[in-house]
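Okay, so the sequence shown: first residue is 1 according to the numbering used here, each after it adds one.
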Amino acid sequence: MKHRILSRARSLTAAAAMMCSVISSSGVLQSAAAQIPPEQKTASSVSQQKSNEPVTVIVKVTGDAVMAQPEAVEMGSDYLETDEAMQLTAQYKAVQEAVQERIRAFYPDLQVGFSYSALYNGFSCELPENLIEQVEALPDVVCVTVMKDIAVPQMNQAAALSGFPAYYDYTGCSGEGQVIAVIDSELDYTHPMFAPLADDIETAVSKEDVAKVISSGILNRDVDPDRAYISSKLPYVVNYADPDDPYGGISNDLQYHGTHVSGIAAGNTFKTSDGTELSGIARDAQLMFFCVSTPRGYIDGDAGLAAIEDAVKLHADVINMSWGSDATEYWGNNPFSDAVSAADRAGVIVCNSAGNADNGTYYYGRTTIPENPDTGMISDKAELGSPIMMVASAENAGVAQGDAFLLGERQIGLIPMMDEIGGLFYLSDSLTPGEYEYVDCQNGTERDFLRAGDLSGRIALVQRAEVSPTAITAKAKAAGASGVILIDQKHPDGMNYIFSTTTSIVINGISWLDGQAMLAAENKTLTITSEPIEREYVSSVSSYTSWGVKASLDLRPDIMGIGGRVRSAAYDGGDYTASGTSMASPYVTGCTAVLRQYLKKLGVELTGSDFAAYVRRLLMNTAVPYEDGGNFVTPRRQGAGLVSLDRAMAAKVLMTGAAGDAKVNLFDKLGDTFSFDLTLTNYSDEAVTYPQAEIRLTTDGTYYDPELELDRTAGQQKLNCTSDFTGPVTIAAGETKTVTVSISLDAAQCRKLEELFKYGFFAEGYILLSGAENSADISIPMLGYHGDWAQIPCSDPETDTVKIMFGSDHDSVPLSVVRTSLLYKQILERVPEEEIYEVIEEPFKAFWFDCDYATKEEKKQLASNAMECWISPNRDSIADAVTGFRYENQRRNTSRSNAQLLDADGNVLYDGAPGAVANNCEFEKLEEGDYTYMKKSWI
Numbered sequence: 001m002k003h004r005i006l007s008r009a010r011s012l013t014a015a016a017a018m019m020c021s022v023i024s025s026s027g028v029l030q031s032a033a034a035q036i037p038p039e040q041k042t043a044s045s046v047s048q049q050k051s052n053e054p055v056t057v058i059v060k061v062t063g064d065a066v067m068a069q070p071e072a073v074e075m076g077s078d079y080l081e082t083d084e085a086m087q088l089t090a091q092y093k094a095v096q097e098a099v100q101e102r103i104r105a106f107y108p109d110l111q112v113g114f115s116y117s118a119l120y121n122g123f124s125c126e127l128p129e130n131l132i133e134q135v136e137a138l139p140d141v142v143c144v145t146v147m148k149d150i151a152v153p154q155m156n157q158a159a160a161l162s163g164f165p166a167y168y169d170y171t172g173c174s175g176e177g178q179v180i181a182v183i184d185s186e187l188d189y190t191h192p193m194f195a196p197l198a199d200d201i202e203t204a205v206s207k208e209d210v211a212k213v214i215s216s217g218i219l220n221r222d223v224d225p226d227r228a229y230i231s232s233k234l235p236y237v238v239n240y241a242d243p244d245d246p247y248g249g250i251s252n253d254l255q256y257h258g259t260h261v262s263g264i265a266a267g268n269t270f271k272t273s274d275g276t277e278l279s280g281i282a283r284d285a286q287l288m289f290f291c292v293s294t295p296r297g298y299i300d301g302d303a304g305l306a307a308i309e310d311a312v313k314l315h316a317d318v319i320n321m322s323w324g325s326d327a328t329e330y331w332g333n334n335p336f337s338d339a340v341s342a343a344d345r346a347g348v349i350v351c352n353s354a355g356n357a358d359n360g361t362y363y364y365g366r367t368t369i370p371e372n373p374d375t376g377m378i379s380d381k382a383e384l385g386s387p388i389m390m391v392a393s394a395e396n397a398g399v400a401q402g403d404a405f406l407l408g409e410r411q412i413g414l415i416p417m418m419d420e421i422g423g424l425f426y427l428s429d430s431l432t433p434g435e436y437e438y439v440d441c442q443n444g445t446e447r448d449f450l451r452a453g454d455l456s457g458r459i460a461l462v463q464r465a466e467v468s469p470t471a472i473t474a475k476a477k478a479a480g481a482s483g484v485i486l487i488d489q490k491h492p493d494g495m496n497y498i499f500s501t502t503t504s505i506v507i508n509g510i511s512w513l514d515g516q517a518m519l520a521a522e523n524k525t526l527t528i529t530s531e532p533i534e535r536e537y538v539s540s541v542s543s544y545t546s547w548g549v550k551a552s553l554d555l556r557p558d559i560m561g562i563g564g565r566v567r568s569a570a571y572d573g574g575d576y577t578a579s580g581t582s583m584a585s586p587y588v589t590g591c592t593a594v595l596r597q598y599l600k601k602l603g604v605e606l607t608g609s610d611f612a613a614y615v616r617r618l619l620m621n622t623a624v625p626y627e628d629g630g631n632f633v634t635p636r637r638q639g640a641g642l643v644s645l646d647r648a649m650a651a652k653v654l655m656t657g658a659a660g661d662a663k664v665n666l667f668d669k670l671g672d673t674f675s676f677d678l679t680l681t682n683y684s685d686e687a688v689t690y691p692q693a694e695i696r697l698t699t700d701g702t703y704y705d706p707e708l709e710l711d712r713t714a715g716q717q718k719l720n721c722t723s724d725f726t727g728p729v730t731i732a733a734g735e736t737k738t739v740t741v742s743i744s745l746d747a748a749q750c751r752k753l754e755e756l757f758k759y760g761f762f763a764e765g766y767i768l769l770s771g772a773e774n775s776a777d778i779s780i781p782m783l784g785y786h787g788d789w790a791q792i793p794c795s796d797p798e799t800d801t802v803k804i805m806f807g808s809d810h811d812s813v814p815l816s817v818v819r820t821s822l823l824y825k826q827i828l829e830r831v832p833e834e835e836i837y838e839v840i841e842e843p844f845k846a847f848w849f850d851c852d853y854a855t856k857e858e859k860k861q862l863a864s865n866a867m868e869c870w871i872s873p874n875r876d877s878i879a880d881a882v883t884g885f886r887y888e889n890q891r892r893n894t895s896r897s898n899a900q901l902l903d904a905d906g907n908v909l910y911d912g913a914p915g916a917v918a919n920n921c922e923f924e925k926l927e928e929g930d931y932t933y934m935k936k937s938w939i
C-alpha cells in the first residue's frame with residue numbers, strides 16, 4: 001500500500017500571539033564554567049615590549065583644559081558656550097595639530113586617536129616607546145603618558161576610548177557615592193581590586209543601612225548582616241543560588257567570570273605583578289555582588305530575578321547582568337523585563353550583555369542569505385519597551401602580542417580562539433614548539449574528516465564554510481588532531497576571534513591568502529614557535545557581538561562598550577585578559593555610574609524613571625557610531641555606537657523618537673516614502689544651533705558565493721535617500737519641539753533590492769546633528785523594514801521536507817524509497833573503490849558521496865523540497881510514518897507550531913504538535929490515497 005502525502009508547509013503568522021511561559025529555573029550562562037588553568041588567570045607573564053615597539057600614549061600640550069579656566073569654576077559647563085571658550089578650543093586644537101606635525105617629521109606613521117580640549121588638553125596616539133623622550137622635548141609638549149601595558153591591551157586603554165580620562169580630569173567623578181550591583185557567577189572578594197575603600201571616599205551604603213534593610217524582612221534571602229557585609233567596598237555579598245548556604249560557593253575559580261566583570265565595572269586601582277596599573281571605570285563606587293550560578297555553571301533564573309529585586313531594595317544605582325540566552329523569545333511574558341521596568345521606576349539602570357553569537361555566522365556556521373533577513377541572535381533580555389540597556393561589544397585598541405607559525409620561511413599570524421568566558425587561546429598554549437604535519441580537511445564536515453583519516457599528532461586545516469568552529473573542533477578531536485587551523489573566507493567579514501566551546505583542542509584562524517599558501521605547499525609541515533608577533537588593533541565592532549532584531553522589530557542593542565581584550569581581576573591576586581559582551585556590559589555600567597555621580601553633582605533634580613531615562617538618552621545620544629568602508633555599521637550590531645563620556649558631559653540637547661527612547665523604531669511595511677517624528681529638547685539656558693543635520697541610511701550588503709552558488713548577506717551598503725531634515729537646526733533655551741521628518745528612498749534602488757531581498761529589506765541608519773559651537777554632536781539610530789515582516793517564511797520553502805520513519809530513525813526523503821535507492825545506486829557507481837567501504841560500513845553516515853559524485857540534476861532531485869513524498873505503513877521499518885518536519889529548515893523563532901493531517905476531502909485526521917504525529921495517528925488504518933500534512937507557525 002502506498003500513501004502519497006503532500007507536505008505544504010505554510011508559515012502562517014500572527015501579528016500578536018499570546019503565549020503563557022514560565023521562566024526556566026536555569027538559564028545558560030554565556031560566559032561561565034571556564035576550564036582555564038590557574039596559571040593563565042594570574043598576572044600576565046608576557047615579556048615587556050622592546051623599546052622601539054609602539055604603545056598607546058596621551059600627549060599633553062601646554063595650556064590648561066578649557067574647563068580648568070577660572071571662569072569655568074563659576075559658570076560650570078555653561079562656560080563651554082562662551083566665545084572665550086570657543087576661542088580657547090580653536091587655539092588648543094591648533095597647538096595639538098602643530099605638535100602632531102612636528103612628530104610626523106621624525107615619525108611619519110603617527111596615528112592620532114582622541115583629541116581632548118574641553119576636559120584635557122592633549123591627544124592620544126600610537127608612539128614607539130623609544131621616541132617618548134624625543135616627543136617630550138618638543139615645544140608645547142608638557143608630558144607623554146603611556147596608557148597601557150605593552151604586551152596586552154588592558155583596562156586603562158579601554159577607558160580612554162570612552163573619553164574617560166578627560167572626563168575624570170574635569171569632573172573628578174570616579175563612582176564615589178554610587179552603588180553598582182553585579183549579578184553573576186562568582187567573586188573573589190579577597191582580590192585587591194575589591195579591598196576596602198579609603199576612609200576619605202564617600203559611601204552611600206553603610207553596614208547599618210544594610211542591617212536595617214535586612215532586619216525589615218523585605219529581602220528574598222534571610223541573611224546575617226555581619227556576614228553579608230564584607231567592607232565599605234563590598235557592603236553586600238550573598239549567594240542567591242544556594243538556598244542552604246548564602247555565604248559559601250561565592251568564590252569559585254572554576255566558574256571564573258564575575259570577578260573579571262566586577263573589576264571592569266568598579267575595581268579599585270590595582271598594580272599587577274608586571275607593574276601595570278589597572279582600575280575599573282567607577283573605581284570608587286561600592287560593589288554589591290549577587291551570586292546566582294549553580295554548581296553546574298548555569299544561571300538560576302529565579303535567583304537572578306530575586307537578585308534584581310533585592311538590588312533595588314538595597315538602593316543600588318546601576319545593575320549589571322552579563323548573561324542571557326541567545327536567540328530566545330519570551331513572546332510578551334518576560335519576568336526579567338517586568339523586573340527591569342520596576343527597577344527603572346526606582347531610578348535604577350540595568351545593563352545587560354547582548355551575547356556572543358554574532359548573527360549565527362561565526363557561532364553556529366549559519367549561511368545568511370537575502371531570502372532570510374530574520375537572523376536575530378540578541379539576548380533574551382531584549383524586550384520591546386523594556387528600559388534595559390542592551391550592550392554590544394567594541395574592540396579595545398592598541399598593540400598586542402599574538403602567536404604565529406612558520407610555513408617554510410613565511411610567518412603566518414593567527415586569529416585567536418575565544419572560549420565561553422572570553423579567554424583567548426593560541427595553538428602554542430597546547431602544543432610544544434616544533435614541526436607539525438597538517439592535513440587538508442576541506443570544509444570540516446563528517447565526510448571531510450572521514451576522508452582525512454587518522455589525524456593523531458597532526459593539525460587539521462579547514463576552510464571556513466557552514467560548519468561551526470565548535471563542531472569542527474569536536475570532529476577534529478575525535479579524529480585525534482592536535483589542533484585546528486581555520487582558513488577565513490576570500491571576502492573577509494571581520495572575523496577577529498574564533499568562538500569554540502571545545503577548549504580541549506585549540507582552533508586558530510588565518511587569512512584566505514595564507515590558507516591558499518598552505519594548501520599549495522608541497523611540504524605540508526608547519527613550525528610552531530615560541531616567538532610572539534606584534535599585532536596592531538583598531539577599535540571596531542567586535543565580530544562576536546550578538547545582533548539582529550527580535551520578532552518585535554525593536555531596535556537592539558542600545559549601545560556599545562569596550563569588550564574586546566579587556567584586562568581585569570583574576571584569582572590569586574592576579575589579572576586576566578578576556579573578551580566578550582560580558583566585558584562590554586560592565587564597561588557601560590561603570591560609565592553609567594560615573595555619569596550619574598556627575599549629574600547629581602550638577603544638581604539635576606530629576607528622580608525615578610525620569611532620571612534613569614535622562615541618563616540612558618544622554619549616553620545613547622552622545623555615543624559614537626562606528627563606520628566600516630564608508631558606511632555606518634548597522635545599528636542592529638552597535639546600537640547608538642560606542643559610549644562617550646566626554647561627549648555626554650558636553651551635550652545640551654537630547655533627541656528622541658516617538659516612544660521617548662533615544663532611537664527610532666519604524667517597524668515594518670515601509671514604502672519608498674515614509675515619515676516619523678523626532679523630539680528635540682534643549683536642557684540648557686541658551687539656544688543651540690547645529691549647522692549640519694543629516695540622515696545616513698544603509699541596508700544589508702550582499703556578495704555572490706561561488707562555492708555555494710548563491711548570494712549571501714554581509715556588511716552593509718548605502719541606501720540612497722533624500723530628506724527634508726537639513727541644517728541649520730536651532731533649539732531655543734529650554735525648548736522642546738517636535739519635528740516631522742520625511743524620507744524618500746531611491747525607487748530604482750528599491751526595485752533592484754526587491755529582486756534580491758524578495759521578502760523585504762531593512763532601512764536603517766543614523767540621524768545626526770553636528771557642528772554646534774556650544775554642544776556636543778548627537779545622533780540617534782533608526783530601524784525600519786521595507787516589506788511585511790510577517791510574510792518571511794518560518795521555514796525554508798525551497799528545501800522544507802517532512803521526516804519519514806525508518807525503524808527507530810528518521811530521514812527526509814524527497815522521492816519514493818525505490819526511486820531514491822535507484823538514484824543513490826546510480827551515484828555509487830562513480831564512487832572510487834577505496835571509498836566504497838565507508839558506505840558499506842556506515843551507510844547512514846556515509847550519505848556524503850552525493851556531494852562529490854552526483855550530477856547537478858541528481859543533486860537537485862535529492863535536495864528538492866519534498867512537496868510529494870511517500871510512505872508505506874506496513875511495519876517493515878521502511879517509510880512507515882511521518883514524524884514531522886526537518887528542524888534544520890526552521891528559519892525563525894516561533895511562539896508555537898501546529899500540524900494537521902488532512903485527507904483528500906479536507907477532513908482533519910490529526911491536529912497537534914508537529915513532532916507527535918507518528919505517535920498519535922494510526923497510519924496503518926488509512927486508505928491508500930493522497931493526504932496533506934500542513935504546519936502552521938506563529939510569531
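Cβ coordinates follow ideal geometry from the N, Cα and C atoms, glycine included.
The structure presented is a predicted model; accordingly, all values stated were derived computationally and were not measured.
Next item on the list: Within its chain, find whatever has a CB closer than 6 Å to the CB of residue 640; leave out the 5 residues flanking it on each side and keep chain order.
Entry: For the purposes of this step, residue 640 is taken as the residue at position 640 of the sequence shown. If the five residues before and after residue 640 are omitted, its C-beta is found closer than 6 Å to the C-beta atoms of 559, 620, 623 and 781, all from its own chain and listed in chain order.
Margin query: Give me, in chain order, the residues of the same chain whose beta-carbon lies closer than 7 Å to that of residue 726; leave out the 5 immediate sequence neighbours on both sides.
Written below: Numbered from 1 along the sequence shown, position 726 holds the residue referred to as residue 726. Contacts found: 693.
Next item on the list: Would you mind sorting residue 239 into buried or exposed? The rule is 16 or more other CB atoms within 10 Å of its CB.
Entry: The residue labelled residue 239 in the question sits at position 239 within the sequence shown. That one is buried.
Next item on the list: Apply the 10 Å Cβ neighbour rule to residue 409 and answer buried if 16 or more other Cβ atoms are within range, or exposed otherwise.
Entry: Residue numbering aside, residue 409 sits at position 409 when the sequence shown is read from its first letter. The residue is exposed, with fewer than 16 neighbouring Cβ atoms inside 10 Å.
Notebook entry, point to check: Who does residue 689 pair with in a DSSP beta bridge?
Noted result: Along the sequence shown, read from residue 1 onward, the residue named residue 689 stands at position 689. Residue 689 is bridged to 730.
Check: Where residue 702 and residue 711 are concerned, what is the direct C-alpha to C-alpha distance, given to the nearest angstrom?
Finding: Here the question's residue 702 lines up with position 702 in the sequence shown. Here the question's residue 711 lines up with position 711 in the sequence shown. Per the coordinates, the alpha-carbon of residue 702 lies some 6 Å from the alpha-carbon of residue 711.
Next item on the list: Express the C-alpha separation of residue 351 and residue 105 in angstroms, rounding to a whole number.
Entry: Translated into the one-based positions of the sequence shown, residue 105 becomes position 105. Translated into the one-based positions of the sequence shown, residue 351 becomes position 351. As the crow flies, the alpha-carbon of residue 105 is around 45 Å from that of residue 351.
Check: Which residue comes first and which comes last in the beta strand (DSSP E) that contains residue 103?
Finding: To locate residue 103, count along the sequence shown from 1; it is residue 103. Residue 103 -> not in any beta strand (DSSP E); alpha helix (DSSP H) instead, spanning 83-106.
Notebook entry, point to check: Below 8 Å, can you find three or more Cβ-Cβ pairs linking the stretch 480-490 to the stretch 456-465?
Noted result: Touching, yes.
Next item on the list: Starting from residue 577, follow the beta strand (DSSP E) in both directions and report where the run begins and ends.
Entry: One-based indexing of the sequence shown puts residue 577 at position 577. From DSSP, the beta strand (DSSP E) with residue 577 extends over 575-578.
Next item on the list: May I have a chain-ordered list of the alpha helix (DSSP H) segments no shorter than 4 residues that lie completely inside the stretch 267-320?
Entry: Within the stretch 267-320, the complete alpha helix (DSSP H) segments at least 4 residues long are 301-313, listed from N- to C-terminus.
Note to self: Quick check: the Cα distance between residue 405 and residue 276, rounded to an integer number of angstroms?
What the structure shows: The residue given as residue 405 occupies position 405 in the sequence shown. The residue given as residue 276 occupies position 276 in the sequence shown. If I take the Cα positions, the gap works out to 29 Å.
Check: Does the pairing of the stretch 428-441 with the stretch 544-560 give three or more beta-carbon distances under 8 Å?
Finding: Inter-segment contact for the stretch 428-441 and the stretch 544-560 is absent: fewer than three beta-carbon pairs are separated by less than 8 Å.
Check: Cβ of residue 729 within 9 Å of Cβ of residue 178?
Finding: Within the sequence shown, numbered from 1, the residue matching residue 729 stands at position 729. Within the sequence shown, numbered from 1, the residue matching residue 178 stands at position 178. If you check the CB distance, residue 729 and residue 178 do not come in under 9 Å.
Next item on the list: Would you mind reading off the limits of the alpha helix (DSSP H) that contains residue 135?
Entry: Translated into the one-based positions of the sequence shown, residue 135 becomes position 135. Start and end: 132-136.
Next item on the list: Check whether the Cβ atoms of residue 343 and residue 391 sit closer than 9 Å, and answer yes or no.
Entry: For this step, residue 343 is matched to residue 343 along the sequence shown. For this step, residue 391 is matched to residue 391 along the sequence shown. Contact flag unset, no.
Next item on the list: Evaluate residue 199 with the Cβ neighbour count: other Cβ atoms within 10 Å of its Cβ, from every protein chain shown; 16 or more gives buried, anything less gives exposed.
Entry: In the sequence shown, the residue the question calls residue 199 occupies position 199. Label assigned to residue 199: exposed.
Item checked: Enclosing alpha helix (DSSP H) for residue 439 [first to last residue] -> Taking the first residue of the sequence shown as 1, we reach residue 439 at position 439. Here residue 439 belongs to no alpha helix (DSSP H); instead the beta strand (DSSP E) covers 434-440.
Item checked: Ordered list of beta strand (DSSP E) runs contained in the stretch 431-485, each at least 3 residues -> Counting only runs of 3 or more, we get 434-440 and 459-463.
Note to self: By the three-class DSSP mapping on this structure, what secondary structure does residue 781 have?
What the structure shows: Residue numbering aside, residue 781 sits at position 781 when the sequence shown is read from its first letter. Looking at residue 781 - three-state DSSP - the assignment turns out to be strand.
Notebook entry, point to check: Using the rule of at least 16 other Cβ atoms within 10 Å of the residue's Cβ for burial, across every protein chain shown, is residue 588 buried or exposed?
Noted result: As a working note, residue 588 is residue 588 in the sequence shown. With at least 16 other beta carbons inside 10 angstroms of its own, residue 588 counts as buried.
Checklist line | CA-to-CA distance, residue 881 to residue 923, given in whole angstroms | finding: Taking the sequence shown and counting its residues from 1, one reaches residue 923 at position 923. Taking the sequence shown and counting its residues from 1, one reaches residue 881 at position 881. Residue 923 and residue 881 have their C-alpha atoms spaced approximately 7 Å apart.
Margin query: Using only CA atoms, which one of 407, 603, 497 and 509 lies nearest to residue 521?
Written below: Counting from 1 along the sequence shown, the entry for residue 521 is found at position 521. Per the Cα distances, 407.
Notebook entry, point to check: Taking the alpha-carbon positions, what's the residue 398 to residue 778 distance?
Noted result: Numbered from 1 along the sequence shown, position 398 holds the residue referred to as residue 398. Numbered from 1 along the sequence shown, position 778 holds the residue referred to as residue 778. Per the coordinates, the alpha-carbon of residue 398 lies some 27 Å from the alpha-carbon of residue 778.
Note to self: Let me make sure I understand the geometry here. Which of 773, 699 and 267 has the alpha-carbon closest to that of residue 189?
What the structure shows: Here residue 189 refers to the residue found at position 189 of the sequence shown. It is 267.
Note to self: Could you pull the DSSP bridge partners for residue 922 from this structure?
What the structure shows: For the purposes of this step, residue 922 is taken as residue 922 along the sequence shown, with counting starting at 1. In the DSSP assignment, residue 922 forms no beta bridge with any residue.
Next item on the list: Spatial neighbours of residue 637 within its chain, please: CB distance less than 7 Å, with the 5 preceding and 5 following residues excluded, ordered by chain position.
Entry: Against the sequence shown, residue 637 aligns to sequence position 637. Around residue 637, the same chain offers 392, 541, 545 and 547 as residues with beta carbons nearer than 7 Å, after the five sequence neighbours per side are excluded.
Notebook entry, point to check: How big is the Cα-Cα spacing for residue 91 and residue 774?
Noted result: Counting from one through the sequence shown, the residue named residue 91 turns up at place 91. Counting from one through the sequence shown, the residue named residue 774 turns up at place 774. Whole-angstrom Cα-Cα distance: 16 Å.
Next item on the list: Kindly provide the ranges of any beta strand (DSSP E) runs that are 3 or more residues long and lie completely inside the stretch 532-558, ordered along the chain.
Entry: DSSP runs (the beta strand (DSSP E)) wholly in the stretch 532-558: 533-537.
Item checked: Member of 349, 336, 508 and 419 whose CA lies at the smallest distance from the CA of residue 402 -> Stepping through the sequence shown from its first residue, residue 402 is reached at position 402. Selected option, being the one with the closest Cα: 508.
Checklist line | Rounded C-alpha distance that separates residue 766 from residue 531 | finding: For the purposes of this step, residue 766 is taken as residue 766 along the sequence shown, with counting starting at 1. For the purposes of this step, residue 531 is taken as residue 531 along the sequence shown, with counting starting at 1. Cα to Cα, residue 766 sits roughly 44 Å from residue 531.
Check: What three-state label does DSSP hand residue 264 in the structure shown?
Finding: Counting from 1 along the sequence shown, the entry for residue 264 is found at position 264. Of the three classes helix, strand and coil, the one that applies to residue 264 here is helix, per DSSP.
Item checked: Rounded separation between residue 360 and residue 497 - CA only -> Counted from its first residue, the sequence shown places residue 360 at position 360. Counted from its first residue, the sequence shown places residue 497 at position 497. A straight line joining the alpha-carbon of residue 360 with that of residue 497 spans about 14 Å.
Checklist line | Identity of the residues DSSP links to residue 696 by a beta bridge | finding: What you label residue 696 is simply residue 696 of the sequence shown in a count that begins at 1. DSSP, once it has assigned bridges, lists 766 as partnering residue 696.
Note to self: On the criterion of 16 or more Cβ atoms from any shown chain inside 10 Å, does residue 690 qualify as buried, or is it exposed?
What the structure shows: As a first step, residue 690 is located in the sequence shown; it is residue number 690 there, counting from the start. Counting C-beta atoms within 10 angstroms of its own C-beta, residue 690 has 16 or more neighbours from the protein chains shown and is therefore classed as buried.
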